[in-house]
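Below: one structure, written as structure tokens.
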Amino acid sequence: MAKKEKEIMRKPDWLKIKLNTNKEYTGLKKMMRSRNLHTVCEEARCPNIHECWAERKTATFMILGDICTRGCRFCAVKTGRPTELDLLEPERVATSVEQMQLRHVVITAVARDDLNDGGAGVFAETVRAIRLKVPFCTIEVLPSDMKGDDESLTTLMDAKPDIFNHNIETVRRLTKRVRAIATYDRSLNLLKRVKELSPNTPTKSSIMVGLGETKEELMEAMDDLLKHNVDILTIGQYLKPTRKHLDVVRYYHPDEFAELKEIALAKGFRHCEAGPLVRSSYHADEQVNEAAKNKQKQHPEFK
1 MAKKEKEIMR KPDWLKIKLN TNKEYTGLKK MMRSRNLHTV CEEARCPNIH
51 ECWAERKTAT FMILGDICTR GCRFCAVKTG RPTELDLLEP ERVATSVEQM
101 QLRHVVITAV ARDDLNDGGA GVFAETVRAI RLKVPFCTIE VLPSDMKGDD
151 ESLTTLMDAK PDIFNHNIET VRRLTKRVRA IATYDRSLNL LKRVKELSPN
201 TPTKSSIMVG LGETKEELME AMDDLLKHNV DILTIGQYLK PTRKHLDVVR
251 YYHPDEFAEL KEIALAKGFR HCEAGPLVRS SYHADEQVNE AAKNKQKQHP
301 EFK
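The sequence shown begins at 1 in UniProt numbering and counts up one residue at a time.
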């Protein structure tokens, strides 16, 4: 316990936050549990959850269960043998999006390497179900690499999400140590293939810092993403979720994040969010393309 307390005390001031568990938040959380739904916002204890749910009307749903077939060393999601597929989940997610009156929703999932399509079919059905119930809501998908299977990717893209997000997570040198099964080049090629299937769909990726990468390696990762036609980049601080996970090598200062954002935009990314508490879905509603934003404006119920 003493070691844990010492680790927490070492965190810099800019990483110390106070969660605002207001009535609106607790009500939404109760609704999630009643529908047997999971959100990354809760699972990852995201520091931005109250801003997103209450103010920005965005949320990130985690479909396909809460047990992942992979064991990435940065992630706190449970690893093991997944439960059976829940084919009614897309409808429950769509109903929740409608009840929460979300403007933007991110659909992510545990890796389901046990499924032939990696879960792409359920992803696609979830997108379609949300479109039917909440046509003004923009939809971002954040899948695993689906082992690079082109047919699975095509199944997902046929549902026409507004943004496709897939995270490389770290620089090339650290990928094998940080991620499980996923590879750096497979993730890049997946993002490139999305653009070939749907040239007008914005693509997005995220990098965690503080794992031992160098600035030069971060520049290389940015260049690699741009070479594979990625439009949007998010950069945030890695925080160790439990004692069993990778250690934080160092904490970046907010000024360093500001510099990284400036560099990313100068290099050619259309949008970049960078900061200590930035996560992959942070301010995701600002990153959709103009066509999707116009769709929102066409609905008088959108506020």
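Glycine included, C-beta positions come from ideal geometry on N, C-alpha and C.
Being a predicted model, the structure only gives us computed values, none of them experimental.
Asked, Found
"Exposed unless 16 or more other CB atoms sit within 10 angstroms - verdict on Arg103", "buried"
"Whole beta strand (DSSP E) elements within the segment 170-229, 3-residue minimum", "203-209"
"Between the CA atoms of Asp117 and Glu259 - distance to the nearest angstrom", "40 Å"
"Cut-off 8 Å between Cβ atoms - residues of its own chain near Leu132, not counting five sequence neighbours on either side", "Ala94"
"Any 3 or more C-beta pairs closer than 8 Å across the segment 195-204 and the segment 78-90", "no"
"Gly236 - DSSP class collapsed to helix/strand/coil", "strand"
"Beta strand (DSSP E) segment containing Glu262, residue limits", "Element bounds for Glu262: not the beta strand (DSSP E) but the alpha helix (DSSP H), Pro254 to Lys267."
"At least 3 beta-carbon pairs within less than 8 Å: the segment 204-215 vs the segment 235-242", "yes"
"Ala180 vs Arg81 beta-carbon contact at 8 Å", "no"
"Separation of Leu115 from Pro276, as counted between CA atoms", "35 Å"
"Reference Cys137; option with closest CA among Pro143, Arg128 and Glu217", "Arg128"
"Supposed close pair Arg172, Glu220 - CB separation, criterion 8 Å", "7 Å"
"Cβ separation of Phe61 and Val105, assumed to be a contact under 8 Å, to the nearest whole Å", "7 Å"
"Alpha-carbon spacing of Leu246 relative to Arg73, whole angstroms", "6 Å"
"Separation of Thr214 from Arg250, as counted between CA atoms", "11 Å"
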